[in-house]
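Asks:
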Amino acid sequence: MGKRVKRSVELRQNKRRKQGDSQLRGSLFNKMDGELEEEDDGVVEEEEIADYEAKPRRFDDQNEDLVEGLPVRSSDGTIHRVVMKKEERKTKRLQDEEQKELEEEQEQEQEEREQEEQASKEDGKNSVFDESNDEKYKDLSAAEMVLKIKEDLADMAQSMIEDPEENVMLMSRVLTMMTSKNPIIAKLSLLSLVPVFKSISPSYRIRPLTEAERKEKMSKDVQRTRFFEQNLVSYYQKYLKFLARKASVVINSPRASNLDKQMGIVATRAACELTESLRFFNFRSDLFKLLIRRVMRKPSSESEHDAFRRCISTLEGLLVEDFESGDVSFDIVRIVCRSIRHRDFKVDESVVNIFLSLTVLSDYDPLRKEDEKEEEAKMRKKDRVYLTRKQRAQLKERKLIEKEWDQAEQKVTSQQRERFQAQILKLLLTLYLEILRGRPEKLMAPVLEGLAKYGHQVNLDLMGDFLQVLREISEDLLTNQMSGKGITGNQMRQVLLCIITSFSLVSYMPPKKVHLDLNKFVDYLYSLLPMLSQDADIEFSHKTLRLMDPLSTQLQMKPSVNVSTEAELLLRCADAIFLSSRSGSEARALAFTKRFYLDMLNFPEKTSIAILKFIDKLMSRYDEIKCLYTTEDRIQNGVYHSYADSVERANTEVAVLWENVLLEKHYNPTVSMAAKALLKRAKARNAI
């Protein structure tokens, strides 16, 4: 009985489906590609129904720009076709690129708008503070007026610091006085607000009130606090806009008055003070943009150079202190990278050296497996503490409260910090790769120094690109020297940094996954050693105490974060090849030892002492070096080629370290004693 009822229900459903299909098969719809075979008993198999439903419908008048929608049944029972215009779905990547281009266009428009506002300000279109027509100062002389304004500014600043909620409206008066044409009044009024904002501004962001919060009833204390916070944010924003307009004026700005140039220096110093103290307050990105826009321009005077160095030191200090969160570092790196690209890498090397102060990347490991992270995050089941239903509910509620509290305090979780680290590293390495491919002369050394520091965090996908670029740079510089064009001290420094960076990139990679041949870089160092021995400044850097060139100015000798001397870089290269990697071999150890001895005849005493200590370490690992100190028990053919640039063609096995006899008579007793100790150690081995 049950089977008959079920079969009759299926027959009714099939009949109803056929009626609907016959209506859809009218003038609005074409016939299907394959006609259904009608069964004699009116029963359709389930497999045929599934195939029939899976086939798409096609129409003769179908347009590529149109898409078929679901049919609509009218009140009289007829079914109408619905055709809609097709919407092209863009991929997420294209949307991100368009969004990025839109943001860049908006920033350019914003800069143009600020320039127009600055021009209108300079032309006198905006209202300025005229102290001579003010009721309080119009009857005073010039000296008395300046003294009176100083006293008023001090009183207003003290009142705002003592009771900010009551006297916050005094900022409007000070902001108006900053537009004075008198340089003393303008500077004093601008600087007077710096300690005020540093004292009364909280260390968190103040969000704007919603419409519901404005309409709701509140107590007098809450109303007073909200009034103070909203006015504080408003006046602070106006103050930052004024600083941005003034700080954009430099010595070479056209149509800029002498007052505007002086105010530009003062505004830059004020912005540095605010950035150090109020980096967690509102509009911190505006402060970062102000400082970064200032350092993108080359200083042309001593006062501008001081402001330039102050901005650089402020940004470096922020990166050093931002170890726990990473959000401040991400904002600074993002703006700096975009600004450097916008200027086509035509910036000072100190701007790129800012990245060397990133402390948030010191503990970041991008090669860490995701499984390890999940295992650390999840607690084992046997280690979990049993909780009742009530305790679990209380724990859940407590976690929710802690989450809201952390959001109010703007705390950065470990997941957010790791996300910031990944984004910072991506921006940094992408910029480094673009600069290396562009090869600007001034930025090569700082980029290579930064890549040597953060190279161990490079992804495997970028490893080949970086090594290829480093090899091309080194080969081009050495080829120019061989062709007779010569090589400068800065170019030798670049080759050394390329060698250090290449070994640093590979040193932290898993040996089972990465097999890279760095023989080219070993040959580059071997061919560079004779040129280093002829460099008189091999032990000097900008921090070395030495007499300044009388033909140089302070602006031409700008300090750099890249302070390693060429001698230090040479020892780092040798250590990377023979002691910290598997690139060393007996033949290479013999060749480098012989060339080191040849170069020590020209090296300064400190470099010679360091090289002798390195040879002592090298002798402990490669015992065959001791054979170079004597001709006994050796039968070799050929001649040593001292001018060969390749280790294989030098034939170092037949060489003798006759330079050690000269070093024993060196004027420096430390060098002499070290040379004698090495010879004595080699003879002791031969005696055994």
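Add 15 to the 1-based position in the sequence shown for this note's numbering, that's all there is to it. The beta-carbon is built from N, C-alpha and C at its ideal position, and this holds for glycine as well.
Between the region 290 to 308 and the region 226 to 239, can you find at least three pairs of beta-carbon atoms closer than 8 Å?
Replies: The region 226 to 239 is not in contact with the region 290 to 308.
Asks: Report the residue from 163, 223 and 241 whose alpha carbon sits nearest the alpha carbon of residue 204.
Replies: Taking the first residue of the sequence shown as position 1, residue 204 is located at position 189. The residue with the shortest Cα to Cα distance from residue 204 is 163.
Asks: Whole angstroms is fine: what's the gap from residue 62's alpha carbon to residue 28's?
Replies: As a position in the sequence shown, residue 62 is number 47, starting the count at 1. As a position in the sequence shown, residue 28 is number 13, starting the count at 1. In this predicted model, residue 62 has a pLDDT of only 45, less than 50, meaning its place in the structure is not dependable; the value taken from the coordinates is given anyway. Cα to Cα, the separation comes out at about 16 Å.
Asks: Per DSSP, what are the beta-bridge partners of residue 98 in this structure?
Replies: Numbered from 1 along the sequence shown, position 83 holds the residue referred to as residue 98. Bridge partners of residue 98: 83.
Asks: Checking 8 Å against the spacing of the C-beta atoms, do residue 372 and residue 334 come in under that value?
Replies: On the sequence shown, residue 372 is found 357 positions in, with the first residue counted as 1. On the sequence shown, residue 334 is found 319 positions in, with the first residue counted as 1. Yes, they are a contact pair.
Asks: Just verifying my parser: in three-state terms, what is the DSSP assignment at residue 88?
Replies: Start at 1 with the first residue of the sequence shown, and residue 88 comes out as number 73. In the structure shown, residue 88 sits in a strand (DSSP, three-state: E or B).
Asks: Can you grab the Cα-Cα spacing for the pair residue 215 / residue 179, in whole Å?
Replies: What you label residue 215 is simply residue 200 of the sequence shown in a count that begins at 1. What you label residue 179 is simply residue 164 of the sequence shown in a count that begins at 1. Computed Cα separation, rounded: 7 Å.
Asks: Just list the alpha helix (DSSP H) runs in the region 597 to 626, keeping only unbroken ones of 4 residues or longer that don't cross its boundaries, in chain order.
Replies: If we require 4 residues or more, the alpha helix (DSSP H) runs fully inside the region 597 to 626 come out as 601 to 615.
Asks: Please go through the same chain and pick out, in chain order, the residues whose beta-carbon is closer than 6 Å to the beta-carbon of residue 690, but skip the five residues on each side of it.
Replies: Stepping through the sequence shown from its first residue, residue 690 is reached at position 675. If we look at residue 690 and ignore the five residues flanking it on each side, its Cβ neighbours are 675, 678 and 679.
Asks: Can you check which of these residues, 346, 595, 458 and 152, is closest to residue 359 by C-alpha distance?
Replies: For this step, residue 359 is matched to residue 344 along the sequence shown. Here the closest residue by C-alpha is 458.
Asks: To the nearest angstrom, report how far apart residue 629 and residue 326 are at their CA atoms.
Replies: Translated into the one-based positions of the sequence shown, residue 629 becomes position 614. Translated into the one-based positions of the sequence shown, residue 326 becomes position 311. Roughly 41 Å separates the two Cα atoms.
Asks: Tell me the residue span of the alpha helix (DSSP H) that contains residue 223.
Replies: As a position in the sequence shown, residue 223 is number 208, starting the count at 1. It is not in any alpha helix (DSSP H) - residue 223 carries neither H nor E in the DSSP assignment.
Asks: For residue 328, which of helix, strand or coil comes out of DSSP?
Replies: Your numbering for residue 328 matches position 313 in the sequence shown. Helix, per DSSP.
Asks: Count the other C-beta atoms from every protein chain shown that fall within 10 angstroms of the C-beta of residue 461, then say buried if there are 16 or more, exposed otherwise.
Replies: Locating residue 461 in the sequence shown gives position 446, counting from the first residue. Result: buried.
Asks: Could you check the C-alpha separation between residue 15 and residue 286 for me, to the nearest Å?
Replies: Past the boundaries of the shown model lies residue 15; the chain is included only from 16 to 703, so the question cannot be answered.
Asks: Within 8 Å, do at least three Cβ pairs link the region 616 to 631 to the region 485 to 502?
Replies: Not touching, per the Cβ criterion.
Asks: Under 6 Å Cβ to Cβ from residue 220, same chain only, skipping five residues before and after it: list those, please.
Replies: Here the question's residue 220 lines up with position 205 in the sequence shown. Result list for residue 220: 297, in chain order.
Asks: For residue 637, would you say it is in contact with chain C, using Cβ-to-Cβ distances shorter than 8 Å as the test?
Replies: Any reference to chain C falls outside this structure, which holds one protein chain only.
Asks: Consult DSSP for residue 140 and reduce its assignment to one of helix, strand or coil.
Replies: Position 125 of the sequence shown, counted from the start, is the residue given in the question as residue 140. Unreliable positioning characterises residue 140 in this predicted model, as indicated by a pLDDT of 44, which lies under 50. The coordinate reading is nonetheless provided below. Here residue 140 sits in coil by DSSP.
Asks: On the CB-based measure, 16 or more other CB atoms within 10 Å of its CB, does residue 553 come out buried or exposed?
Replies: Your numbering for residue 553 matches position 538 in the sequence shown. Classification for residue 553: buried.
Asks: Spatial neighbours of residue 517 within its chain, please: CB distance less than 7 Å, with the 5 preceding and 5 following residues excluded, ordered by chain position.
Replies: Here residue 517 corresponds to residue number 502 of the sequence shown, with the count starting at 1. Within the same chain, residue 517 has close Cβ partners 482, 485, 533 and 536.
Asks: Could you tell me which of 332, 344, 248 and 320 sits nearest to residue 222, measuring between CA atoms?
Replies: Here residue 222 corresponds to residue number 207 of the sequence shown, with the count starting at 1. Of 332, 344, 248 and 320, the residue nearest in Cα terms is 248.
Asks: Could you name the residues of the same chain whose beta carbon sits closer than 7 Å to that of residue 620, not counting the 5 residues immediately before and after it, in chain order?
Replies: On the sequence shown, position 605 is the one that residue 620 refers to. So the qualifying residues of the chain are 683 and 686.
Asks: Going by CA-CA distance only, name the one from 310, 444, 408 and 320 that's closest to residue 376.
Replies: For the purposes of this step, residue 376 is identified with residue 361 of the sequence shown, where counting begins at 1. Ranking 310, 444, 408 and 320 by Cα distance to residue 376 puts 444 first.
Asks: What residues in its chain sit with their C-beta under 8 Å from that of residue 440, if we drop five residues either side in the sequence?
Replies: Taking the first residue of the sequence shown as 1, we reach residue 440 at position 425. Closer than 8 Å at the Cβ level, and outside the excluded window around residue 440, lie 376, 379, 381, 469 and 472.
Asks: Check whether the Cβ of residue 597 lies closer than 7 Å to any heavy atom of the ligand ADP, and answer yes or no.
Replies: Absent from the structure shown: the ligand ADP. Ligands present: none.
Asks: Return the chain-ordered list of same chain residues with a C-beta closer than 8 Å to the C-beta of residue 240, the five sequence neighbours on each side being excluded.
Replies: Stepping through the sequence shown from its first residue, residue 240 is reached at position 225. Result list for residue 240: 180, in chain order.
Asks: In its own chain, which residues sit with a C-beta less than 7 Å from the C-beta of residue 54, not counting the 5 before and 5 after it?
Replies: Sequence index remark: in the sequence shown, residue 54 carries index 39 (1-based). Here the model assigns residue 54 a pLDDT of 43, short of 50, so the residue's position is not dependable, and the following value carries that caveat. So no residue of the chain qualifies.
Asks: What residue range is occupied by the uninterrupted alpha helix (DSSP H) comprising residue 342?
Replies: Stepping through the sequence shown from its first residue, residue 342 is reached at position 327. Element bounds for residue 342: 342 to 357.
Asks: Suppose the cutoff is 6 Å on Cβ atoms and the five residues either side in sequence are ignored; what does the same chain contact list for residue 218 look like?
Replies: Translated into positions along the sequence shown, residue 218 becomes position 203. Excluding residues within five positions, the ones whose Cβ falls inside 6 Å are 295.
Asks: Tell me which residues share the same chain as residue 330 and place their Cβ nearer than 7 Å to its Cβ, disregarding the 5 neighbours each side in the sequence.
Replies: Here the question's residue 330 lines up with position 315 in the sequence shown. So the list reads 306, 347 and 369, once near-sequence residues are dropped.
Asks: Considering residue 240, what are the terminal residues of the alpha helix (DSSP H) in which it resides?
Replies: Start at 1 with the first residue of the sequence shown, and residue 240 comes out as number 225. 235 to 262 is the extent of the alpha helix (DSSP H) around residue 240.
Asks: Just the C-alpha distance for residue 141 and residue 344, rounded to the nearest angstrom, thanks.
Replies: If you number the sequence shown from 1, residue 141 lands on position 126. If you number the sequence shown from 1, residue 344 lands on position 329. Confidence at residue 141 is low in this model, with a pLDDT of 49, below 50, so the placement of that residue is unreliable and no value is reported for it.
Asks: Would you check if the distance between the CB atom of residue 258 and the CB atom of residue 198 is smaller than 8 Å?
Replies: Stepping through the sequence shown from its first residue, residue 258 is reached at position 243. Stepping through the sequence shown from its first residue, residue 198 is reached at position 183. For residue 258 and residue 198, no; Cβs fall outside 8 Å.
Asks: Output the distance between the C-alpha atoms of residue 492 and residue 417, rounded to the nearest integer angstrom.
Replies: The count along the sequence shown starts at 1 and reaches residue 492 at position 477. The count along the sequence shown starts at 1 and reaches residue 417 at position 402. Taking the straight line from one Cα to the other gives about 58 Å.
Asks: Residues in its own chain within less than 7 Å of residue 428 by CB, not counting five upstream and five downstream?
Replies: As a first step, residue 428 is located in the sequence shown; it is residue number 413 there, counting from the start. No residues qualify anywhere along the chain.
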